[in-house]
Structure formats: structure tokens, C-alpha cells
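Numbering (my numbering), first residue to last: 787 to 933. Notes for the one structure printed next.
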């Protein structure tokens, strides 16, 4: 990753960390993922198929991005996204992202921890029950949706 891209990423993540929210007319979701992760690519496809604009950024490691975004290890999944001041971690359904942007709760973001079968991008023929969680800067979580 170039120095300029790292500085831009750090500035954007710093805004999230200090509660700054930037509003765009049509928010674009920036997805940070590794280049070889097939389920991440399928999740990006899911977002686009549901009318969301996505910019995909391939990185070698997501650890620093997750740390700067405030995603603790127990909330982590295989990709991290940013949209309109919120963090989206893992296989969150597009409809939940749209609801988040419409309702604008005071949270850092949404997460689907791990990689549950049947979540968007993880269509394996098996369906696990899973929850979409909200999380805040203090580590508090709440249930946003159940599947």
C-alpha cells in the first residue's frame, strides 16, 4: 500500500475513532479485503446487487485497519468496510446497512462476527443462525437483526 493511501486511510479511520461523521449524497462503501478471499468478493457482489455503490480495496493484512476502526477480535470477520462514518465488519446483509444509514443510531458500526454459513457471501448450502450486532467505541454491543 502506498504511503499516500496509508495516510488517507489513517485520516479516515481517525475520523471514525473520534466520532466524526461525513455525509455524502449517495454513500459509497469502501471495503478492505485480501485479494484472495472469495467470500469477500461474493459479499461485495451482494452489496452491488442490492443497489449499493462499492469501492473494493485489496490489502495484504487487515489487522491494522480493524484496530484503527475499533473492531475487537471477538467482533472480527474477514473484511472491514467503511460507509458514511460507520464501520461494517463481516457479512452484514445489504438491507441492514441501508437501515443503519436511514436510522443513523449512535454506534460505531455493525458486525457479523466470524463467517456464518448462509450470510451474504457465505452461501454454502447450509444456514446457520446468526445475529447482526451494533458496537460502539466503549465495546458495548447490541442486537440489530437476527437471521
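Backbone N, C-alpha and C fix where the C-beta goes; we use that ideal spot for every residue, glycine too. Just so it is clear, the structure is predicted and the values come from calculations on it, not from any experiment.
Q: Give every residue of the same chain whose Cβ lies closer than 6 Å to the Cβ of residue 830, excluding the five residues on either side of it in the sequence, and list them in chain order.
A: 817, 840, 842
Q. How is residue 912 classed by DSSP in three states: helix, strand or coil?
A. coil
Q. Under 7 Å between the Cβ atoms of residue 897 and residue 881?
A. no
Q. Residue 891: buried (16+ other C-beta within 10 angstroms of its C-beta) or exposed?
A. exposed
**Q.** residue 852 classed as buried or exposed, judged by whether at least 16 other C-beta atoms fall within 10 angstroms
**A.** buried
Q. Do residue 877 and residue 819 have their C-beta atoms within less than 7 Å of each other?
A. no
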